[in-house]
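Working notes, beginning with the structure itself.
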Amino acid sequence: MSVAYFIMAHHKPSMLLRMMNAIYSEENIYLIHIDSRADDEMLDLARNLQSSNDNIHLLPSRFLNWGGWSLVQAELDAIRVLLNWSRKWTHLINLSGQDFPLVKQDLILSFLNDNKERNFILAKPTDPAMMKGLQGAFVIEDAKKYQRLGEREPFESYFTENIRQYSGSQWKMITRSFAEYAVDSYLSYEMQDYYRYSFTPDEYFFPTLIQNSPFSETVVPNIKRFIRMEAGEHSKNHATLLTIDDLGSLFSNDTFFARKFDDEVDSKIIDAIEEMLALRP
């Protein structure tokens, strides 16, 4: 078996290179998306990775906007590319360019081999009243800005079936079968039409799709990631940077990856993780 990785990065080339070295295996395939705003150093690194490794490809660059449909569209585009690229992979793992593994690939492959039909994704029911306030208007993603245009009907009115909305994290490990469903099913196309004009669809599209699909019984609400969230400006929650002080916490959890890191701020924690991975059998 093998794993397909989809990595979205926009800066910090040294972090991307260190992460790729840590997750690389000849058995896996890797698809990297570099944001269209990235500098030449970032693009050159990605192109060098592709030219040096047959199992590393690049997804055409596009502008990715926090809270916008572009994030989901990039994932759907990536899934289509990965499905056409190889028939061997059984699971898809998505990462950012500032993630880092906490275990070796052999352990991840063994775990997924024991959980062939499981989808590791967070998906909890939403509060309809809260969602009505959040999704009460059409939201158009226009470069760095969002425009709210007119009122829209409630979520449930857009679907022919009794569909309930779920929320979760954009980070996940999903099966090939669900990945195929995500790009080919009628329900997916219906949901794409709805979420294309909503805010933060990356937190709702995949959780809602899987919980209203034949794959709902395969959901495991554990994404195997260590992420510490904190509130930012305008109520935007974001992952806080991890430092050497967090090292003990990382390995006290049954997780495969952690985010986020910046070796320009604290390289000691990456150094320590790399050393620990090198010592593991």
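Count the sequence shown with this note's numbering and you get residues 1 to 281, in order. Built from N, CA and C at the ideal position, the CB exists for glycine as well. If you're wondering where the values come from, they're calculated on a predicted model, not measured in any experiment.
Based on Cα-Cα distance, which residue from the options lies nearest to residue i?
i, options, result
"Arg-259", "Thr-243, Ser-252, Asp-271 and Ala-272", "Thr-243"
"Pro-207", "Val-139, Arg-228 and Leu-187", "Leu-187"
"Leu-49", "Asn-162, Ile-32, Pro-154 and Glu-75", "Ile-32"
"Val-139", "Arg-225, Tyr-195, Ile-79 and His-238", "Tyr-195"
"Tyr-5", "His-11, Pro-13 and Met-19", "Met-19"
"Pro-128", "Ala-272, Ser-25 and Tyr-204", "Tyr-204"
"Asp-99", "Trp-89, Ala-38, Leu-241 and Glu-41", "Leu-241"
"Pro-13", "Ser-36, Met-42 and Ser-25", "Met-42"
"Ser-154", "Ser-86, Gly-136 and Ile-163", "Note on identity: in this sequence residue 154 is Pro, with Ser being the wrong assignment. Among Ser-86, Gly-136 and Ile-163, the Cα nearest to that of Pro-154 is on Gly-136."
"Gly-150", "Tyr-197, Asn-53 and Ile-174", "Tyr-197"
"His-10", "Ala-46, Met-130, Asn-84 and Asp-106", "Ala-46"
"Arg-280", "Ser-25, Leu-109, Ala-78 and Val-103", "Val-103"
"Ser-252", "Trp-89, Glu-264 and Phe-226", "Phe-226"
In this structure, does DSSP put residue i in helix, strand or coil?
i, result
"Pro-154", "coil"
"Pro-101", "strand"
"Ser-96", "strand"
"Phe-178", "helix"
"Asn-65", "coil"
"Leu-81", "A quick correction: the sequence has Val, not Leu, at residue 81. Here Val-81 sits in helix by DSSP."
"Val-265", "coil"
"Glu-161", "coil"
"His-234", "Interpretation of His-234 is limited by its pLDDT of 46, a score under 50 that renders its predicted location unreliable; no figure is taken from the coordinates."
"Arg-225", "strand"
Determine whether the beta carbon atoms of residue i and residue j lie at a separation below 7 angstroms.
i, j, result
"Ala-123", "Gln-211", "yes"
"Ser-61", "Ile-34", "yes"
"Ile-29", "Asn-55", "yes"
"Lys-268", "Ile-223", "no"
Which partner residues of residue i appear in the DSSP bridge assignment?
i, result
"Leu-58", "Ile-32"
"Trp-89", "Ser-2"
"Tyr-166", "Pro-125"
"Ala-22", "DSSP, once it has assigned bridges, lists no residue as partnering Ala-22."
"Glu-190", "Its beta-bridge partners do not exist; DSSP assigns none."
"Arg-259", "Asp-99 and Ile-227"
Hey, residue i and residue j are a contact pair by Cβ (cut 8 angstroms); roughly how many whole angstroms apart?
i, j, result
"Ile-93", "Val-219", "Actually they are not in contact, since the Cβ atoms of Ile-93 and Val-219 sit about 16 angstroms apart, beyond 8 angstroms."
"Ser-177", "Thr-126", "With 8 angstroms as the limit, Ser-177 and Thr-126 do not qualify as a contact, their Cβ atoms being about 25 angstroms apart."
"Pro-101", "Phe-261", "Pro-101 to Phe-261, Cβ: 11 angstroms. No contact."
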